[in-house]
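**Student:** Residue numbers (full-length UniProt numbering): 1 to 297.
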């Protein structure tokens with residue numbers, strides 16, 4: 001999971017699959033976000049590659065500690081932040097969101113880590129002001145499996161992002177330098193003896209008692225070309241260059257035109273039935289039906 005949008009991920013052995021994504025203890029996926037102090041513009045690794053390397057640890061006293069290479073760590077008191085902080089307005093791809101400010105200390109720290117103090121940023125948390133966010137309206141295509149009842153925190157499009165190990169292995173077999181799953185930032189990684197990219201045909205997945213519904217393929221962007229360990233972009237734009245050679249969609253034509261330079265790797269899901277999931281648990285998938293009323297698009 002990725003508690004801070006665009007920061008380094010946290011591996012957990014078990015988590016609750018809920019409407020807004022993964023929850024593990026007091027942490028929720030993409031429930032924190034960095035924004036500019038000037039106008040609340042959201043900041044990701046696209047604008048500040050160093051953000052991808054910001055790591056977090058959670059203390060027993062519900063304090064969140066942020067770490068970055070070459071900088072002293074900084075702490076955020078989650079309980080105090082949620083209760084006493086001011087609300088900051090922001091937008092994600094043009095859609096209004098809100099969050100509670102996490103304080104001056106972490107703001108100064110992030111400004112130094114990401115921009116050497118030249119641009120001032122704030123860290124916001126969903127607090128009690130972003131408990132539900134309707135699914136993002138995609139102007140370029142209507143995905144029929146997205147429901148109005150679906151919800152997000154600060155994710156771009158979907159609450160849950162799934163990939164498979166065999167798909168990554170297939171990609172790495174074509175690359176001079178292999179990449180890791182960290183380049184793709186999934187919530188759930190499925191292993192086992194399955195064909196590469198078999199997730200393309202899945203319409204629903206069950207893990208334990210939790211059931212998730214596929215709403216769209218995961219179109220990739222240049223964020224995948226940034227090394228999450230050092231924030232540096234690949235000089236040859238890999239793995240995007242290779243993915244474009246064999247993972248661009250051709251149908252439906254309207255979507256293929258919009259995603260002409262965006263290859264697909266993994267899939268986005270929404271929750272149909274919540275429950276706890278654990279590492280090593282059996283995964284069951286339903287594939288595309290012959291019924292013309294059921295489609296992954």
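For glycine and all other residues, C-beta sits at the position ideal for the given N, C-alpha and C.
Taking its Cβ as the centre, do 16 or more other Cβ atoms sit within 10 Å of residue 287, making it buried, or is it exposed?
**Tutor:** What you label residue 287 is simply residue 287 of the chain shown in a count that begins at 1. Label assigned to residue 287: exposed.
**Student:** On a Cα-Cα basis, can you pick out the residue from 36, 220, 275, 239 that is closest to residue 121?
**Tutor:** Reading the chain shown from its first residue, position 121 is the one you call residue 121. If we check each option's Cα against that of residue 121, 36 comes out closest.
**Student:** Would you tell me roughly how many angstroms separate the C-alpha atoms of residue 29 and residue 74, rounded to the nearest one?
**Tutor:** Position 29 of the chain shown, counted from the start, is the residue given in the question as residue 29. Position 74 of the chain shown, counted from the start, is the residue given in the question as residue 74. In a straight line, the C-alpha of residue 29 is about 20 Å away from that of residue 74.
**Student:** Exposed or buried, which one is residue 177 when buried takes at least 16 other CB atoms within 10 Å?
**Tutor:** On the chain shown, position 177 is the one that residue 177 refers to. Flag for residue 177 reads exposed.
**Student:** Using a 10 Å radius around the Cβ and a threshold of 16 neighbouring Cβ atoms, would you call residue 60 buried or exposed?
**Tutor:** Residue mapping note: residue 60 aligns to position 60 of the chain shown, counting from 1. Answer is exposed; the Cβ neighbour count stays below 16.
**Student:** Taking the straight line between their C-alpha atoms, what separation do you get for residue 228 and residue 46?
**Tutor:** Working through the chain shown from its first residue, we reach residue 228 at position 228. Working through the chain shown from its first residue, we reach residue 46 at position 46. C-alpha separation (whole angstroms): 11 Å.
**Student:** Go ahead and pull the three-state DSSP assignment for residue 165.
**Tutor:** Here residue 165 refers to the residue found at position 165 when the chain shown is read from its first residue. Three-state result, residue 165: helix.
**Student:** Taking contact to mean 3 or more Cβ pairs, one atom from each stretch, closer than 8 Å, check whether the region 10–30 and the region 271–286 are in contact.
**Tutor:** yes
**Student:** Going by DSSP in three states, residue 240 sits in which element: helix, strand or coil?
**Tutor:** Numbered from its first residue, the chain shown carries residue 240 at position 240. Here residue 240 sits in helix by DSSP.
**Student:** Within 8 Å, do at least three Cβ pairs link the region 162–179 to the region 264–273?
**Tutor:** yes
**Student:** Does the region 232–240 come close enough to the region 186–202 that 3 or more CB-CB pairs lie under 8 Å?
**Tutor:** no
**Student:** Does the separation of the CB atoms of residue 189 and residue 181 fall below 7 Å?
**Tutor:** Mapped onto the chain shown, residue 189 falls at position 189. Mapped onto the chain shown, residue 181 falls at position 181. Yes, Cβ-Cβ distance for residue 189 and residue 181 is below 7 Å.
**Student:** Give the range of the beta strand (DSSP E) segment to which residue 23 is assigned.
**Tutor:** Here residue 23 corresponds to residue number 23 of the chain shown, with the count starting at 1. Element bounds for residue 23: 21–24.
**Student:** Would you kindly work out how many angstroms separate the C-alpha atoms of residue 94 and residue 284, rounded to a whole number?
**Tutor:** Numbered from its first residue, the chain shown carries residue 94 at position 94. Numbered from its first residue, the chain shown carries residue 284 at position 284. Taking the straight line joining both Cα atoms gives about 36 Å.
**Student:** Rounded to whole angstroms, what is the Cα-Cα separation between residue 6 and residue 170?
**Tutor:** Here residue 6 is taken as the residue at index 6 of the chain shown, counted from 1. Here residue 170 is taken as the residue at index 170 of the chain shown, counted from 1. CA-CA distance, residue 6 to residue 170, rounds to 25 Å.
**Student:** By alpha-carbon positions, which one of 25, 96, 49 ends up nearest to residue 78?
**Tutor:** For the purposes of this step, residue 78 is identified with residue 78 of the chain shown, where counting begins at 1. When only C-alpha atoms are compared, the closest one is 25.
**Student:** If I'm right that residue 351 touches residue 115 with Cβ under 8 Å, what's the distance once you round it to whole angstroms?
**Tutor:** Absent from the model: residue 351. The displayed extent of the chain is 1 to 297, so no value can be given.
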